[in-house]
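Number of protein chains: 2
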Amino acid sequence: MLIKAGRTERSVYLLEKGVARAFCHKDDKEINFWLGAESNILLSYNSFFLNTPGYENIELLEDSVLYKIPHTALQNLYSTDLELANWGRRLAESELIKVEECFIARQFKTAKECYEDFIKTSPDILQRVQLGHIASYLGISQVTLSRIRAEIR
Amino acid sequence: MLIKAGRTERSVYLLEKGVARAFCHKDDKEINFWLGAESNILLSYNSFFLNTPGYENIELLEDSVLYKIPHTALQNLYSTDLELANWGRRLAESELIKVEECFIARQFKTAKECYEDFIKTSPDILQRVQLGHIASYLGISQVTLSRIRAEIR
DNA sequence: TTCATTTTTTAACATTTGTAAAATTTTCTT
DNA sequence: AAGAAAATTTTACAAATGTTAAAAAATGAA
């Protein structure tokens, strides 16, 4: 477990090697809302940006290599360096586009289409992560995912 | 229609007065993915940030008052003014948190819970916008929304 | 007010997805 | 290789949501 809900997170991590998931708790269940592998940045948006306790958990699903960037270091750079402030802006903007795309896709597409997209965009993660995690990320039950996989096969 | 899909958008708008929706096309249908009223910023993330044709449409649902900010002006400010670059960064970061929350909520919650949240957070919009638009925004059919409303009443 | 139009709700039925449990397959350990 | 454990798929049934069409209610214009 890299980041735990309820704590104020004081670091960002760059995932050099490994696979990770971000999840929340719903009642007694866990729900994944993000999956990613190498070269992704790991942080609780909510906790890191607002500097308050977050509701997000991030777990590494493989032995991993990470770089850790302290919150204070980054904030200092932002407030003194124009280039870096704009780097941070563009980073947030590009993440924003990605999340919005995910949000829209979920509204648009059937579970089957979402899974087919996932296969195309993240075939490596499909191999490295349990199907239960993928089903949770796609917002469907594992049974439904199995049905889709049987249908496509 | 303020912003149309397929065009590269060269402005951001601040909504001083009015209600707007952002939507995409799915086959022959329209799907809303955003609803907002006064004091919101209107832009196609995709088109404005990447300076490429976007897939998003933004329509004003009432007579409105807007302030228009040209892309070039904002980019110039970002690249010369540290304060503004950080303002832009924080803006993107806070939008990012909001969209992520929406995304997670959709995964977590039943249609009924989503509607109840909507009533709490945006009671004004509920009064000003047709239920068909709200159903589309909530990712459900208008029939389902009617059923939920009947159940709550 | 009255009539026409639009919006919302209801009804009936089909489809999708979820849940729980069993069966099967895969993986891991010894 | 054999057995145990974990992961995945399948089955059967229940619940939720979608679609189409009709009914009711609300809105707007003359």
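Same order as they appear, the protein sequences are chains A and B. For what it's worth, the numbering used here labels the leading residue of the first sequence as 362, then goes sequentially. For what it's worth, the numbering used here labels the leading residue of the second sequence as 362, then goes sequentially. Cβ atoms here follow ideal geometry from the backbone N, Cα and C, with glycine treated the same way.
Look at the beta carbons and you see the region 464 to 471 of chain B touching the region 456 to 476 of chain A: at least three pairs across the two are nearer than 8 Å. A straight-line Cα-Cα distance of about 37 Å links LEU411 (chain B) and LYS390 (chain A). Looking at the DSSP output, ASN393 (chain A) bridges to A:PHE384. Residue pairing from DSSP places ILE419 (chain A) in a beta bridge opposite A:ILE364, A:ALA383. Residues of the same chain with a CB within less than 8 Å of the CB of THR505 (chain B), apart from the 5 flanking positions on each side, are ALA472, ALA496 in chain order. Think of a sphere of 7 Å around the beta carbon of ILE392 (chain B): the chain A residues whose beta carbon falls inside it are GLN468, PHE469, in chain order. For GLU377 (chain A), the uninterrupted beta strand (DSSP E) run begins and ends at 372 to 378, by DSSP. Only residues of its own chain outside the window of five on either side were considered, and among them ALA472, CYS475, TYR476, PHE479, LEU506 have a CB closer than 8 Å to the CB of LEU499 (chain B), listed in chain order. Taking C-beta separations shorter than 8 Å and ignoring five residues to either side along the sequence, the partners of VAL373 (chain B) in its chain run ILE402, LEU403, LEU404, PHE409, LYS429, ILE430, HIS432, LEU435, following chain order. SER502 (chain A) is outside the set of residues whose beta carbon lies under 9 Å from a beta carbon in chain B.
Rounded to the nearest whole angstrom, the C-alpha separation of LEU396 (chain A) and ASP424 (chain B) is 42 Å. Distance from the CA of ILE392 (chain B) to the CA of PRO414 (chain B), rounded to the nearest whole angstrom, comes to 19 Å.
Under DSSP, VAL426 (chain B) takes part in a beta bridge, and its partners are B:LYS378. Counted as a single uninterrupted DSSP element, the alpha helix (DSSP H) harbouring PRO484 (chain B) occupies residues 484 to 489.
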